[in-house]
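Heads up, the thing below is written out as structure tokens.
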Amino acid sequence: MSDICSEDRERRFPPGALKEADRMLAGSLRDFVDREVIPVRRELDQEARSGEDSRFRALAGKLRELGLPGAIIPEEHGGEGLLSFLAWCLAMEELGRGDASLAVSTAASALSLRPAALAANGEVLGRFAPRFLGEGGDFFASPALFDEPALGDDLNPDLGALGWNTRVKASGEWLVLAGKKAWCVNAGRAGVYCVAALLGDGGEDGEPALVYCEASAEGLEVRPRDKAGLLPCSLGDIYLHEVRTPLSRRAAGPGEDAHLLREGLAFQRLLSAATAVGIAQGAFEEVLSFTSDRLAAGKPIRQHTVCAVMLADMAMGIQSGRDVYANAALVLDSLEGLADRASASSLSRASLARAHCCRAAVEVTNRVMELMGSYGYVTDYHVEKYWRDAKMLQLAEVPAEQLKLDVVRGYYEFSVLHPNPLYEELRRRKEAGAGDRR
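Under the working numbering, residues 703 to 1140 are what the sequence shown spells out, in order.
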């Protein structure tokens, strides 16, 4: 790329913003992506279409050797310790540049075990951490947390318990799960699921609980979904038919599970933002190469003013997205308490980063397609893959408008159910008019 792009990668962030360990991690993953991922990413999609995943699993295994996603496991359980938000974002951007499916799958596994790691749950970590770190072959985890079939993002504070359909109740030494979770990353590939459910039998007074259950548990059914983008990343719905798991498999306990859930939501959205920037960066590098090689009127396309302006717009979107996710990550890293990282302000920053970066990725890949014309949507180049993945990432996890509501809640107390006295007055007049007619 040096003869195509002269960007100084070391100047993407202000001096001193990154620790040396963060730079080393980003550098090692950049080399890994260039060496191992980019040469086979077309084959990754082809395998996924035919129902195979051997190459994807091989890459996940090599990634595990580099410390991901084991960087979510505490050192006392054999892991690398908890990486900072910023370090995770740097890693996801590099992986997103190569293949966003690898980034999304890795982030999902990390998100699944993060609650147990933060809660220092020795039972869960002792059971799954060794397998997560590579003992006995590859191992994935799936977060069945935020999406439910009727309402999508089930953490809407206006709905409270009404947004939950998945329930968990205690029965002796067991927790029993019943319900359905939608759009679960790594579904069908995972060895363990982290399920968010409402404790109780269906009343509105229950509290959130995070429960771990193994994929082999009786009553757990996975139904995969076909999709246009992120093909190598398995995605599906899970059905929980009275699934039993030990009481000790609850992540933390009363009150703390709710904080872990919201903190996990901020973590997920921030990593999605960084992945989106990686997608945009990858597409940008493709079009820089294309416009350098293709000639028009006797000179490279990118030496024409109209093309240069389009490329500048892409660069602006990418770097502004990088600045937004890095700022949000640094803010969350500065917060020591779990409750602070789970606050409306923290979720607002992470949601803002996700909305901005995903929109930038879609806009960049669209402009790349315009510049490359028919070459953009053929598989000779990788742009059509970036294009599909960018849109899939933008649509996944949470509807765009719901995301913006979480953004605005960081600035003032907003409720979709905020009472409007005009409605009450109109209703009263309507009822009075109906009475007069009678």
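Here a beta-carbon is modelled for each residue, glycine too, at the ideal position from N, C-alpha and C.
Everything numeric in this text was worked out from a predicted model, so none of it was measured.
Asked, Found
"Does the Cβ of residue 905 have 16 or more other Cβ atoms within 10 Å, making it buried, or fewer, making it exposed?", "Bear in mind that a pLDDT of 48 at residue 905, under 50, signals an unreliable position, so the model cannot answer this."
"Any idea what DSSP makes of residue 915, helix, strand or coil?", "strand"
"Pull the bridge partners of residue 1109 from the DSSP assignment, please.", "BP columns for residue 1109 are empty, so no partner."
"Give the DSSP bridge partners of residue 997, in chain order.", "1002"
"Nearest to residue 665 by CA position, among 719, 834, 929, 910, is which residue?", "With the chain covering only 703 through 1140, there is no way to say anything about residue 665."
"Go to residue 717, then tell me how far its alpha helix (DSSP H) extends in each direction, as first and last residue.", "Premise fails: residue 717 is in no alpha helix (DSSP H) and is neither H nor E."
"Using a Cβ-Cβ cutoff of less than 6 Å, which residues in the same chain neighbour residue 1079 once the five nearest sequence positions on both sides are dropped?", "1086"
"I need the straight-line Cα distance from residue 766 to residue 890, nearest angstrom please.", "20 Å"
"For the alpha helix (DSSP H) that residue 936 lies in, which residues bound it at each end?", "Segment: none, residue 936 is in no alpha helix (DSSP H) and carries neither H nor E."
"Does the separation of the CB atoms of residue 1073 and residue 979 fall below 7 Å?", "no"
"DSSP on residue 1121, reduced to helix/strand/coil?", "coil"
"Would the beta-carbon of residue 950 fall within 7 Å of that of residue 888?", "no"
"Look at the alpha carbon of residue 1095 and the alpha carbon of residue 1088, and state the distance between them as a whole number of angstroms.", "10 Å"
"Which residues does DSSP list as the beta-bridge partners of residue 870?", "879, 901"
"Compare the C-alpha of residue 985 against each of 966, 1013, 1007, 975 and name the closest.", "1013"
"Within 8 Å, do at least three Cβ pairs link the segment 1108-1117 to the segment 1043-1062?", "yes"
"Can you give me the C-alpha to C-alpha distance between residue 1037 and residue 972, rounded to a whole angstrom?", "15 Å"
"Tell me which residues share the same chain as residue 1090 and place their Cβ nearer than 6 Å to its Cβ, disregarding the 5 neighbours each side in the sequence.", "930, 931"
"Is the separation between the beta-carbon of residue 974 and that of residue 1061 shorter than 7 Å?", "no"
"Would you mind sorting residue 710 into buried or exposed? The rule is 16 or more other CB atoms within 10 Å of its CB.", "exposed"
"Report yes or no: do three or more beta-carbon pairs, one from the segment 772-783 and one from the segment 959-967, lie closer than 8 Å?", "no"
"Look at the alpha carbon of residue 724 and the alpha carbon of residue 1001, and state the distance between them as a whole number of angstroms.", "40 Å"
"Count the C-beta pairs between the segment 909-919 and the segment 865-881 that are closer than 8 Å, then say yes if the count reaches three, no if not.", "yes"
"Measure the beta-carbon distance from residue 876 to residue 934 and round it to whole angstroms, keeping in mind my assumption that it falls under 8 Å.", "About 35 Å separates the two Cβ atoms, so there is no contact after all."
"Classify residue 807 as buried or exposed, calling it buried when 16 or more other Cβ atoms lie within 10 Å of its own Cβ.", "buried"
"Could you check how far apart the C-beta atoms of residue 772 and residue 835 are, in whole angstroms? I think they sit under 8 Å.", "5 Å"
"Under a Cβ-count criterion, where at least 16 other Cβ atoms within 10 Å of its own Cβ denotes burial, should residue 1011 be classed as buried or exposed?", "exposed"
"Go through its chain and collect everything with a Cβ distance to residue 923's Cβ below 6 Å, but skip five positions before and after it.", "941"
"Between the alpha carbons of residue 921 and residue 883, how many angstroms are there, rounded?", "14 Å"
"State the Cα-Cα distance for the pair residue 1076 and residue 762, rounded to the nearest angstrom.", "33 Å"
"Can you tell me whether residue 1027 is buried or exposed? The criterion is at least 16 other CB atoms within 10 Å of its CB, across all chains shown.", "buried"
"Could you give the first and the last residue of the continuous alpha helix (DSSP H) run that contains residue 1049?", "1046-1074"
"Assuming residue 1034 is part of the alpha helix (DSSP H), what are its boundary residues?", "1007-1035"
"Can you give me the Cβ contacts of residue 998 inside the same chain, cut-off strictly under 8 Å, excluding the 5 residues immediately before and after it?", "1006"
"How long is the line joining the alpha carbons of residue 969 and residue 895, rounded to whole angstroms?", "17 Å"
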